[in-house]
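**Q** Quick one: structure below, then a few questions.
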Amino acid sequence: MNSSMGLGVELLDAGGATVLELAKDGWRETGTWSEGGESGRWEESDDGVRLSLRPPQAGMYRLRLTLEDLLDTAGRPLESPLLVRLEVRNHSVDAPLLWFTALVTLLMAGIAMRSIYRNWRLRKVLRLEDNHLRLRCRLGGAGLVRVELRARYQRLSSDAGPLAPRLQAELQLEVSDALGRSRLGFKRVLPVEAHSSDGDHWLTVEEVLHLKVDEPASLGLRLRLPETIADGGEPWEIEWMRLVLEDGVLSAHPVAVLTLEA
Numbered sequence: 036m037n038s039s040m041g042l043g044v045e046l047l048d049a050g051g052a053t054v055l056e057l058a059k060d061g062w063r064e065t066g067t068w069s070e071g072g073e074s075g076r077w078e079e080s081d082d083g084v085r086l087s088l089r090p091p092q093a094g095m096y097r098l099r100l101t102l103e104d105l106l107d108t109a110g111r112p113l114e115s116p117l118l119v120r121l122e123v124r125n126h127s128v129d130a131p132l133l134w135f136t137a138l139v140t141l142l143m144a145g146i147a148m149r150s151i152y153r154n155w156r157l158r159k160v161l162r163l164e165d166n167h168l169r170l171r172c173r174l175g176g177a178g179l180v181r182v183e184l185r186a187r188y189q190r191l192s193s194d195a196g197p198l199a200p201r202l203q204a205e206l207q208l209e210v211s212d213a214l215g216r217s218r219l220g221f222k223r224v225l226p227v228e229a230h231s232s233d234g235d236h237w238l239t240v241e242e243v244l245h246l247k248v249d250e251p252a253s254l255g256l257r258l259r260l261p262e263t264i265a266d267g268g269e270p271w272e273i274e275w276m277r278l279v280l281e282d283g284v285l286s287a288h289p290v291a292v293l294t295l296e297a
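Under the numbering used here, think of the first position of the sequence shown as 36, with each following residue one higher.
Structure below.
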């Protein structure tokens, strides 16, 4: 208490050469105060330093501390030992700056992703209470054609959940050209997802397909799902089917692509 000090700091490399040198002047004072019939003690100090540095090269280093002065308030030397607490962190980072940089990078990456991969064209959005649909639309050119399908099934007179652990439904897709000639015939068995809420049970089927159509053309699409799904009890009947059709789609991730026959 009530003293001042001068501390020399040197960073030495493995060969003993000084690569960093600095001096720290510090002080610490305490006293009493009184005002309006009240009193107490106060304390002020400047006795610490924080330093961030990048050594010229990785390796072994030594830190040398030299006490140059330790004086009382009258400037007389003090014989009391000086307690120095030192903490060294290797590969430390500035956390606020790191989070700010990560946020800005994420924002810029999001803008770039949206400008590159979200510039598609929405062609059709259909929802019908049937298990198959037909439509004709002009599709193709740069990018891919994306066919997104979702369907819902329910029991007509029973609230029972699925009796089988795994249910499946077959999707059929046929693509024809302007002359009605078949350009693609595709089938895939899809898993069926079971859902429940407040005692209500239903099934859903979802799939996303990508088609490669080199030149814009008038194409007819025919999609079919099973009208019912059997699990040993009352059959599940289709409630509705929804289609979203887009082209000019660019994907940031690898996707399986169906190619039309010549």
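Note that beta-carbon positions come from the ideal geometry of N, C-alpha and C, so glycine has one too.
Is residue 136 helix, strand or coil by DSSP?
**A** Counted from its first residue, the sequence shown places residue 136 at position 101. Helix at residue 136.
**Q** Considering only C-alpha positions, which residue in the set 60, 261, 292, 38 is nearest to residue 319?
**A** The structure shown does not extend to residue 319, since the chain is modelled only from 36 to 297, so the question has no answer here.
**Q** By Cβ distance, which residues of its chain are closer than 7 Å to residue 79, with the 5 residues on each side in sequence left out?
**A** Translated into the one-based positions of the sequence shown, residue 79 becomes position 44. Excluding sequence neighbours, residue 79 sits near 64.
**Q** Can you check whether the CB of residue 247 is closer than 8 Å to the CB of residue 293?
**A** Numbered from its first residue, the sequence shown carries residue 293 at position 258. Numbered from its first residue, the sequence shown carries residue 247 at position 212. Going by C-beta atoms, residue 293 is nearer than 8 Å to residue 247.
**Q** Pairing CB atoms from the segment 155-171 with CB atoms from the segment 236-250, are three or more of them under 8 Å?
**A** These segments do not touch.
**Q** Between residue 230 and the rest of its own chain, which residues show a CB-CB distance below 6 Å, the 5 nearest in sequence each way excluded?
**A** Indexing the sequence shown from 1 puts residue 230 at position 195. So the list reads 237, once near-sequence residues are dropped.
**Q** Inspect the beta-carbon positions of residue 43 and residue 103 and report whether they are closer than 8 Å.
**A** Position 8 of the sequence shown, counting from 1, holds the residue named residue 43. Position 68 of the sequence shown, counting from 1, holds the residue named residue 103. Yes.
**Q** For residue 297 and residue 178, I'd like the C-alpha separation in whole angstroms.
**A** Numbered from its first residue, the sequence shown carries residue 297 at position 262. Numbered from its first residue, the sequence shown carries residue 178 at position 143. Computed Cα separation, rounded: 18 Å.
**Q** Report the residue from 153, 285, 257, 98 whose alpha carbon sits nearest the alpha carbon of residue 211.
**A** Translated into the one-based positions of the sequence shown, residue 211 becomes position 176. The residue with the shortest Cα to Cα distance from residue 211 is 257.
**Q** In or out: residue 188 buried (at least 16 other Cβ within 10 Å) or exposed?
**A** Translated into positions along the sequence shown, residue 188 becomes position 153. Buried, because 16 or more other Cβ atoms sit within 10 Å of the Cβ of residue 188.
**Q** Could you check what DSSP says for residue 95 in three-state terms: helix, strand or coil?
**A** Counted from its first residue, the sequence shown places residue 95 at position 60. Note: residue 95 maps to coil in three-state DSSP.
**Q** Are the CB atoms of residue 241 and residue 163 nearer to each other than 8 Å?
**A** The residue given as residue 241 occupies position 206 in the sequence shown. The residue given as residue 163 occupies position 128 in the sequence shown. Cβ atoms of residue 241 and residue 163: not closer than 8 Å.
**Q** Can the beta-carbon of residue 176 be found closer than 8 Å to that of residue 282?
**A** Taking the sequence shown and counting its residues from 1, one reaches residue 176 at position 141. Taking the sequence shown and counting its residues from 1, one reaches residue 282 at position 247. Yes; because the gap between Cβ atoms is below 8 Å, this pair is in contact.
**Q** Given a cut-off of 8 Å on the beta-carbon distance, is the pair residue 264 and residue 208 in contact?
**A** For the purposes of this step, residue 264 is taken as residue 229 along the sequence shown, with counting starting at 1. For the purposes of this step, residue 208 is taken as residue 173 along the sequence shown, with counting starting at 1. No. Outside cutoff.
**Q** With 16 other CB atoms within 10 Å as the buried threshold, where does residue 186 fall?
**A** For the purposes of this step, residue 186 is taken as residue 151 along the sequence shown, with counting starting at 1. The residue is buried, with at least 16 neighbouring Cβ atoms inside 10 Å.
**Q** Kindly list the residues whose CB is nearer than 7 Å to the CB of residue 119, restricted to its own chain and excluding five residues on each side of it in sequence; keep chain order.
**A** Translated into the one-based positions of the sequence shown, residue 119 becomes position 84. Counting only Cβ-Cβ distances below 7 Å, and skipping sequence neighbours, we find 100.
**Q** At the level of alpha carbons, what is the spacing between residue 279 and residue 270?
**A** Here residue 279 corresponds to residue number 244 of the sequence shown, with the count starting at 1. Here residue 270 corresponds to residue number 235 of the sequence shown, with the count starting at 1. Taking the straight line from one Cα to the other gives about 27 Å.
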